[in-house]
Amino acid sequence: MLEQDGTPHPARRTRLVLLLPYAWLLAFFLAPFLIVLKISFAQTVIAMPPYLPVLDLAAGWQGLVRFAHGLTLDGYRLIASDPLYLSSYLKSLKVAALSTLILLALGYPIAYGIARSPRGWQPLLVMAVVLPFWTSFLIRVYAWINILQRDGLLNDVLMALHVVHRRPEWLASDTAIYIGIVYSYLPFMVLPLYATLEKMDASLLEAAADLGCTRASAFWRVTLPLSLPGVAAGALLCFIPIVGEFVIPDLLGGSRTLMIGQTLWMEFFANRDWPVASALAVALLVLLLVPIFFYERLQRRQLVGLR
Amino acid sequence: MRRTASLFNVVSVALGLVFLYLPIAILVIYSFNASRLVTVWGGWSLAWYRALLTDTAMQQSAWISLRVAALSASLATLLGTFAAIALARMGRFRGRLLFSGMVYAPLVMPEVITGLSLLLLFVALQVDRGFWTITIAHTTLTLCFVTVIVQARLIGFDRSLEEAAMDLGCPPLKTFLTVTLPLIAPAVAAGWMLAFSLSLDDLVIASFTTGPGATTLPIRIYSQVRLGVKPEINAVCTIMIAVVALGTVAASLMAKAGAARRARAALAAQV
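Residue numbers (the working numbering), protein chains in the order written: chain A, 1 to 307; chain B, 1001 to 1271.
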């Protein structure tokens, strides 16, 4: 395992280091996807498992041919024809895009503030931002139900300040979804932003000031452009999982337009339509392929940068 | 970065921290509320913690969750550290692209997809679902986080230490155990902690891969939260927050003590 980079054949014993995780990921990450792909082309039936055709390897070639004949595009056709699914995808994209923008607007000043605080404080502040991430996601969403419910604290405060005269309903709305998502994902946005801002060379700003740049224009012309990799990393790190988010819209959102994660969950658990659920998963994955690709490239480049 | 924090900087960090901590603080405070109505303050009380003592279903779920988390975090730490070593030290090998793709993808993969695909695998294999299937699913989810943390550490430290050991005739395995492992130990420990807390937290993947008799704590909390806010849930959440906070503080104290010991050792070596 300690060979020089580029050694094509590491010693046999050290091979185990690679083979164990490789085999695990092939078995429990890649193989399941192939099964999802397979079932997305199947038909729904009332049986266990609730889909047809079932691949019968014992029947040999005959079984394979019968299996191939049984495949259909019904699941995908249904997704394409029923506006319910399309609006679900669009809503997910809209929520993810808008909350990523809000997260950027909120996260950037926080990350910037931490990066400019005294050196000794920075680890403490970073830890303070990360700590809520270590507590349960579910707990953090639940905390907001406490606050947002009709006779909750937010309405108490608004009533006391005479901002509103009747208690508005906050839960079961898109506003609640945005609050929950922004709250839960804020650490994911702040950390990559802080990482790039903290590395920035202070002399660049001094040079800008020497050349007559005001503080504001130095920010727009030097700091912001240099922090764009962090912006991209934070935005992707938030956008991708938010598109498939289930818990937050399910607990805080209304039931009018579901996000795609909820629709998939419903198809699977409530309607027991496995082929359609699988087709939804495949379509969601295709949708996310481009952002995931960019995210992986960023990750790899960052690791190379550490070298 | 120039270190002159403006008023704007201070205010934005302060507001950010208030935003992050206020909801949790409210949740904790209301767990000590005597009133059954969650929104009316009826004075301090431990009633809901006492109610938890007799809630055997909740205790059972907590016990299942802790066992799944400990087991899957340990497995994930082992596999994830191996994967990190392979990625950081083995250079180019056949199938590296596929391997690194599989390592990084679960980090951002929507949980509904991971959960659904693992469930379909278990159904295809005709495995009874329950404790073990959740453990396998969580191992798969969390090992990638361990890999990223450990890999960053492996790339960050000085390779010449390993090379020196091997130049002096130390075999690779022994070099790993006596030089590399102590150096990456903090990252491995951090990886385990992260894997543990992610597993303890997961609702979606556990819901897909669970079976009869294996209701984890998040699944139980979720089913009760859907019915509305209850003070008992506030109490459970407060306990979980306390455990996590204590764990994090203990870990950072341990890291500090380790750093101090190393500094002393380095000083002693110089003298």
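Beta carbons are placed, not taken as given, at the ideal position from N, Cα and C, and that holds for glycine.
Every value quoted in this text rests on a predicted model; they were computed, and no experiment measured them.
The C-alpha of ALA143(A) is placed about 6 Å away from the C-alpha of PRO1023(B). Judged by pairs of C-beta atoms under 8 Å, the region 176 to 195 of chain A touches the region 97 to 110 of chain A, as three or more such pairs exist. Under the DSSP assignment, PHE137(A) falls in the alpha helix (DSSP H) whose first and last residues are 137 to 148.
Interface criterion not met: the Cβ of THR1142(B) is under 8 Å from no Cβ in chain A.
If the five residues before and after ALA270(A) are omitted, its C-beta is found closer than 7 Å to no C-beta atom of its own chain. Look at the region 1089 to 1149 of chain B and you find these whole runs of alpha helix (DSSP H), each 4 residues long or longer: 1096 to 1108, 1111 to 1124. Residue state for THR196(A) is assigned as helix, using DSSP reduced to three classes. Uninterrupted beta strand (DSSP E) stretches at least 3 residues long and entirely within the region 57 to 115 of chain A do not occur. In the DSSP assignment, GLU1163(B) falls within the unbroken alpha helix (DSSP H) covering 1159 to 1167.
For the region 25 to 36 of chain A, the beta-carbon criterion of a distance under 7 Å to any beta-carbon of chain B is satisfied by LEU25, PHE28, PHE29, LEU30, ALA31, PRO32, PHE33, ILE35, VAL36. Annotation: the continuous alpha helix (DSSP H) that includes PHE1019(B) extends over 1007 to 1030. Per DSSP, reduced to three states, the secondary structure at ASN271(A) is coil, with no helix or strand assignment. Here DSSP, grouped into helix, strand and coil, assigns TRP1041(B) to coil.
At a Cβ-Cβ threshold of 8 Å, LEU18(A) and MET1090(B) count as neighbours. With fewer than 16 neighbouring CB atoms inside 10 Å of its own CB, LYS1174(B) falls in the exposed class. Here the alpha carbons of LEU1116(B) and GLY253(A) stand approximately 22 Å from one another. Contacts between TRP265(A) and chain B, judged by CB atoms closer than 7 Å, involve VAL1112 in chain order.
Cβ contact annotation for ARG150(A) (same chain, cutoff 7 Å, sequence separation greater than five): ARG167, GLU169, in chain order. ARG15(A) and ILE260(A) have their alpha carbons spaced roughly 41 Å apart.
Beta-bridge partners of ASN1033(B) (DSSP): TRP1044(B). Residues of the region 108 to 133 of chain A with a Cβ closer than 8 Å to any Cβ of chain B, in chain order: PRO109, ILE110, TYR112, GLY113, ILE114, ALA115, ARG116, SER117, PRO118, ARG119, LEU125, MET127, ALA128, VAL129, LEU131, PRO132.
Residue-level contact check: GLU169(A) does not touch chain B, since none of the beta carbons of chain B fall below 8 Å from its beta carbon. Apart from the 5 residues on each side of it in sequence, MET189(A) sits with its Cβ closer than 6 Å to the Cβ of LEU103, GLY107, GLY234, CYS238 in its chain, given in chain order. Closest in C-alpha terms to PRO225(A), from the list LEU204(A), LEU211(A), LEU236(A), comes LEU204(A).
The beta carbon of THR1248(B) falls within 8 Å of a beta carbon belonging to chain A, placing the residue at that interface. Here SER184(A) is near VAL141(A), since their CB atoms are less than 8 Å apart. With fewer than 16 other Cβ atoms inside 10 Å of its own Cβ, THR1004(B) counts as exposed. Judged by DSSP secondary structure, ASP210(A) falls within the alpha helix (DSSP H) whose first and last residues are 202 to 210. Under the Cβ criterion of 8 Å, PRO241(A) is counted among the residues facing chain B. Residue range 1217 to 1225 is occupied by the alpha helix (DSSP H) that includes ARG1220(B).
Contact of ALA1235(B) with chain A is not assigned, every C-beta pair being separated by 8 Å or more. The residues ILE114, ALA115, GLU198, in chain order, have a CB closer than 8 Å to that of GLN122(A) in the same chain once the five nearest residues on each side in sequence are set aside. Under the DSSP assignment, GLY230(A) falls in the alpha helix (DSSP H) whose first and last residues are 228 to 243. For THR135(A), a Cβ of chain B is located within less than 8 Å of the residue's own Cβ.
Assigned with DSSP and collapsed to three states, THR44(A) falls in strand. Nearest Cα to THR1140(B) within the set ARG1159(B), ALA1257(B), ASN1234(B), PHE1196(B): PHE1196(B).
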